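Residue numbering for the sequence shown follows this note's numbering, beginning at 16 and increasing consecutively.
Heads up, the beta-carbon is just placed ideally off N, CA and C, and yes, glycines get one too.
Just so we're clear, the structure is a prediction, and the values are computed from it rather than from any experiment.
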Amino acid sequence: MKTFFLFTFLFATSVSQSQDTCDIIIRNGKIVDGTGNGWYYSDVAIKNGKIVAIGRQLKTKATQTIDANGFIVAPGFIDVHGHIESGIFERPTADNYIHDGVTTVITGNCGGSADDLRQFFYLVDSTKTSINVASLIGHNTVRRLAMGLGNRLANLEEQNKMNELVSNAMKYGAVGLSTGLIYLPGMYSNTEEIIGLAKTTASYNGVYASHIRNEENGVLDAINEAINIGKEANIPVQISHFKVSGRANWGRSKETLPLIEAARKEGLDVTIDQYPYTASSTNLGIRLPDWALAGGSDSLKQRINNPVLQKQIIAGMLATQKEFKYKDYSYAYVAMHAADTTLNGKNISAINLLKGRKANMQEEAKTILDLMLAGGAQMVYHSMNENDVRHFMKYPFNMIGADAGVSNGKGMPHPRTYGTNARVLGKYVREEKIISLEEAIRRMTSLAAQKFHLQDRGLLKGGFAADIVIFDESEINDRASFEKPHQFSVGIKYVLVNGVVTIENENHTGARSGKALRSNSNNY
């Protein structure tokens with residue numbers, strides 16, 4: 016391996032001497048190339064969106080010169096866990112991602128993707144986005160299209176229809192299949208259904224990425240289910256936003272991570288991703304029993320308005336709270352409640368008191384049902400432990416994913432929307448020294464590109480796409496907080512996407528040079 020990279024370096028240097036001009040040359044930077052190897056000083060020459068040379072004191076002339084003296088020059092960050100299906104078209108500049116050094120986002124996670132990926136990719140390219148976009152095909156999406164939102168297993172005809180939808184999506188360019196097994200309607204599927212779809216995905220060299228069935232008390236069984244699906248379908252597995260949630264499970268990272276290590280020792284390609292926070296973010300509906308959600312929002316409203324069924328729903332909610340060792344819902348904060356935005360940023364316990372109800376879990380459960388009747392809410396759940404976060408951060412086969420969308424500047428979203436990568440580099444690399452700079456960059460770049468088969472991304476290497484981030488390692492940090500989430504990261508000086516400067520001196524240039532990355536195209 017060292018011989019290969021030495022050859023690549025020498026080849027790139029020799030190429031540089033024959034280049035008369037290039038579009039951009041980055042000079043005097045500390046190169047962290049994405050391999051995990053130590054940094055070195057070098058210049059980087061770019062032409063026609065590609066890296067054409069890397070070497071010391073290149074004599075190449077350039078239309079634009081960027082002085083990176085004192086800064087880190089690294090491959091653009093690849094966010095492996097996004098939800099940008101609609102947001103990328105509302106705000107194609109994707110400011111929150113670009114200011115965090117992200118040049119590529121893999122969307123379609125947690126079982127939810129665009130219905131028609133061929134049309135989605137076309138819209139990405141025709142809209143002209145600031146970031147590159149790859150996508151998984153979502154299990155919940157294909158299940159909804161094939162059999163609706165019912166609480167039942169698929170019959171043979173429906174399974175075949177889902178297989179056809181997955182096959183078409185892979186032909187259109189999906190990088191794999193995702194599941195979100197706590198969400199409607201995937202929560203009603205069994206393991207055999209998913210194995211069948213994963214086999215179809217594997218036939219196109221795709222990946223299986225899973226928001227597993229349980230991240231709380233049943234987390235071990237849920238991890239084993241994902242690993243078993245990978246084994247039975249002979250497909251690489253990515254376990255999304257790896258965590259242990261709920262106070263009762265704090266410290267169980269020492270039980271969950273060994274399952275991944277054991278699978279890899281067995282020869283299974285199992286990896287994970289993580290966001291560097293102790294709070295998660297998802298919808299309010301997950302607080303309700305699964306059976307109550309069957310059929311969608313209209314069916315749920317009928318059940319809530321039925322006194323007998325409402326009592327059963329609340330009983331299920333309180334049983335879960337007791338299981339997780341929570342005394343109230345004060346850990347659950349509203350990020351966005353469209354029906355009443357004055358509730359944004361408040362927790363359920365506080366909202367319950369605002370409604371004039373008594374401070375107990377029974378009344379708080381009723382308040383949750385009121386919010387569901389009014390359209391539901393996006394939530395932030397403070398339910399994890401920092402020691403577990405640190406433990407996962409040390410694991411070498413762990414990537415970084417914000418689990419976020421393109422921000423429109425509204426509501427009180429999770430700060431991961433703005434600061435995920437900068438937080439890793441500022442808090443866990445510079446301040447706490449949990450991992451080295453080179454290792455963190457490897458996780459954010461080449462490891463992600465390798466897993467999702469983005470073959471010309473993730474490394475600073477001759478012939479690769481010029482997706483590049485330049486940052487000040489002494490300054491880089493997240494500014495977004497739970498109280499003030501709409502704040503861009505600091506310390507990222509330049510970002511190039513496909514060879515076009517998109518961040519210059521920490522300001523978005525307005526450039527929109529991103530593209531759809533299809534698995535079966537020239538980008539693959």
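- Isoleucine 329 and methionine 399 have their alpha carbons spaced roughly 24 Å apart.
- In the three-state DSSP reduction, aspartate 236 falls in the helix class (H, G or I).
- Judged by DSSP secondary structure, aspartate 38 falls within the beta strand (DSSP E) whose first and last residues are 36–46.
- Membership of alanine 278 in any beta strand (DSSP E) is not indicated; the residue belongs instead to the alpha helix (DSSP H) covering 268–280.
- When the five nearest sequence neighbours on each side are left out, the beta carbons in the same chain lying within less than 7 Å of the beta carbon of serine 260 are those of Glu230, Glu231, Ser295, Ser398 and Met399, in order along the chain.
- The closest CA to that of glutamate 105, considering only Ile507, Asp493, Gly424 and Ala248, is found on Gly424.
- Assignment of tyrosine 187 by DSSP, reduced to helix, strand and coil, places it in the helix class.
- In the structure shown, threonine 119 falls within a strand segment according to DSSP collapsed to helix, strand and coil.
- Inter-segment contact for the stretch 444–452 and the stretch 467–478 is absent: fewer than three beta-carbon pairs are separated by less than 8 Å.
- Annotated as proximal: glycine 91 and aspartate 482, with beta-carbon spacing under 8 Å.
- Between glutamate 453 and asparagine 84, the alpha-carbon positions lie close to 18 Å from each other.
- Annotation for asparagine 436: the continuous alpha helix (DSSP H) segment containing it runs 431–438.
- By a beta-carbon distance limit of 8 Å, glycine 49 does not contact valine 88. Their separation comes to about 11 Å.
- The bridge partners DSSP lists for leucine 192 are Ile152 and Tyr223.
- Note on alanine 353: under 16 other CB atoms within 10 angstroms of its CB, so exposed under the neighbour-count rule.
- Where glutamate 519 is concerned, the enclosing beta strand (DSSP E) starts and stops at 515–519.
- For isoleucine 40, the closest of Ile69, Tyr56 and Asn298 by C-alpha to C-alpha distance is Ile69.
- Each of Leu511, Ser312 and Ala237 was checked against the Cα of glycine 390, and the nearest Cα belongs to Ser312.
- Look at serine 296 here: in three-state DSSP terms it is strand.
- In this structure, tyrosine 348 and lysine 361 form a Cβ contact; the two beta carbons are roughly 7 Å apart against a cut-off of 8 Å.
- Membership of glycine 70 in the beta strand (DSSP E) is indicated by the continuous run 65–70.
- Taking C-beta separations shorter than 7 Å and ignoring five residues to either side along the sequence, the partners of glutamine 502 in its chain run Tyr433, Arg494 and Ala495, following chain order.
- In terms of Cα proximity to lysine 65, the closest of Ile81, Asp38, Tyr55 and Asp82 is Asp38.
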